[in-house]
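Counting in my numbering, the sequence shown runs from 106 upward without gaps.
Cβ coordinates follow ideal geometry from the N, Cα and C atoms, glycine included.
Here is the structure we will look at.
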Amino acid sequence: MNITRFAEDRQDVFWIVGTGQAERHATTMRPGAVYAGQCVAALCDVQIKIPQSTPIGRDPMTKKVTRKCPACEGIVEVKNYAESCWDF
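Here it is, written out as structure tokens:
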């Protein structure tokens, strides 16, 4: 039996909206691995400031942001990353 479904390992990327930004950027840094206020590099080399967590019972304001950085999108497509949108 030849199972190829799990043949390739893919790097995860997380689409996040940094503090004060209006579009999502992709980063390989796991969102829970950094604290609010810390800056991380996006795939396009833009620095993203991690926002504060949304209080329980409220929806994150960034949930409605669907615009993605074109430079990050290109890199994600070329490198075949596994994508997830993440809101804090």
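At the C-beta level, Q116 and A176 stay beyond 8 Å of one another.
The alpha-carbon separation between G142 and M134 amounts to approximately 14 Å. Out of K169, I161, P165, V145, the CA that lies nearest to the CA of V118 is found in V145. Taking the Cβ atoms as the reference, W120 lies roughly 6 Å from K173, within the contact range of under 8 Å. In the three-state reduction of the DSSP assignment, V145 falls in the strand class, which pools E and B.
Taking the Cα positions, A147 is about 24 Å away from D164.
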